[in-house]
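**Q**
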Amino acid sequence: MGVLVSLFWFAKLRKLSFFVVTDFVAPLVPLGLAFGRLGNFINGELYGRITNHSFGMIFPNAGNSPRHPSQLYEAFFEGIILFFILNYLFKRKYIVTPGKLSALFLIFYSLFRYSLEFFRVPDPQIGFLFLNSTLGQIISLLFFVIGVLLFYLKKNEN
């Protein structure tokens with residue numbers, strides 16, 4: 005929320021459209037997400053669920069069972085893959101209406117995050133919520149709806 009307020013304030017000061025600013029920033033955000041998830045991996049936090057697969061890892065603070073390195077999955081999909089998708093669209097100028105690229109960021113991020121939550125251990129203080137969903141999945145659904153609505157609204161501006 006702080007970033008959105010800062011972007012709004014910056015746009016206001018520079019007399020720019022809020023969505024012009026968010027569309028400029030959106031392709032760069034996945035890099036920050038990737039580095040954040042790599043930091044989570046290095047710190048051994050936000051690890052995945054127990055797995056029998058050969059790529060499972062034992063995290064020092066998570067017992068002796070191998071777990072999904074979900075931080076690396078998130079760094080790859082929410083970071084690297086999303087970075088390339090958004091930059092491809094940004095550089096090719098396929099998205100010309102301000103707000104559409106920001107909407108696509110919300111849509112793709114929420115799809116990746118929702119899917120990857122199946123590999124991650126829910127926050128212990130929260131656990132599973134409505135219909136066995138995690139808080140991350142519920143927030144992802146909200147972001148997805150906002151992204152689709154924003155994309156649809158911006159689509160009709162042309």
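Residue numbers (our numbering): 5 to 162.
We put the CB at the ideal spot given by N, CA and C, even for glycine.
Helix, strand or coil: which one does DSSP assign to ARG117?
**A** Numbered from 1 along the sequence shown, position 113 holds the residue referred to as residue 117. ARG117: helix per DSSP, three-state reduction.
**Q** Helix, strand or coil, according to DSSP, for GLY48 in the structure here?
**A** Against the sequence shown, residue 48 aligns to sequence position 44. Coil.
**Q** Nearest-angstrom Cα distance between SER58 and VAL9?
**A** Sequence index remark: in the sequence shown, residue 58 carries index 54 (1-based). Sequence index remark: in the sequence shown, residue 9 carries index 5 (1-based). Each residue's Cα considered, the two are about 44 Å apart.
**Q** Assign ARG41 to one of three DSSP states: helix, strand, or coil.
**A** Taking the first residue of the sequence shown as position 1, residue 41 is located at position 37. The answer is helix: DSSP assigns ARG41 an H, G or I state.
**Q** Would ALA15 and PHE109 qualify as a contact pair, given that the criterion is a beta-carbon distance under 7 Å?
**A** Here residue 15 refers to the residue found at position 11 when the sequence shown is read from its first residue. Here residue 109 refers to the residue found at position 105 when the sequence shown is read from its first residue. Contact flag unset, no.
**Q** In whole angstroms, what is the alpha-carbon distance linking ARG71 and LEU115?
**A** Reading the sequence shown from its first residue, position 67 is the one you call residue 71. Reading the sequence shown from its first residue, position 111 is the one you call residue 115. Their backbone Cα atoms lie some 22 Å apart in a straight line.
**Q** Is it a yes or a no for the region 84 to 103 touching the region 19 to 28, going by three-plus beta-carbon pairs under 8 Å?
**A** The region 84 to 103, when compared against the region 19 to 28, does touch it at the 8 Å Cβ threshold.
**Q** Do VAL125 and ARG53 come within 7 Å of each other at the CB atom, strictly closer than that value?
**A** Along the sequence shown, read from residue 1 onward, the residue named residue 53 stands at position 49. Along the sequence shown, read from residue 1 onward, the residue named residue 125 stands at position 121. Closer than 7 Å, so yes.
**Q** To the nearest angstrom, how far is the alpha carbon of PRO73 from that of ASP127?
**A** Locating residue 73 in the sequence shown gives position 69, where the first residue counts as 1. Locating residue 127 in the sequence shown gives position 123, where the first residue counts as 1. Cα to Cα, the separation comes out at about 15 Å.
**Q** Is ARG53 helix, strand or coil by DSSP?
**A** Your numbering for residue 53 matches position 49 in the sequence shown. In this structure, ARG53 counts as coil in the three-state DSSP scheme.
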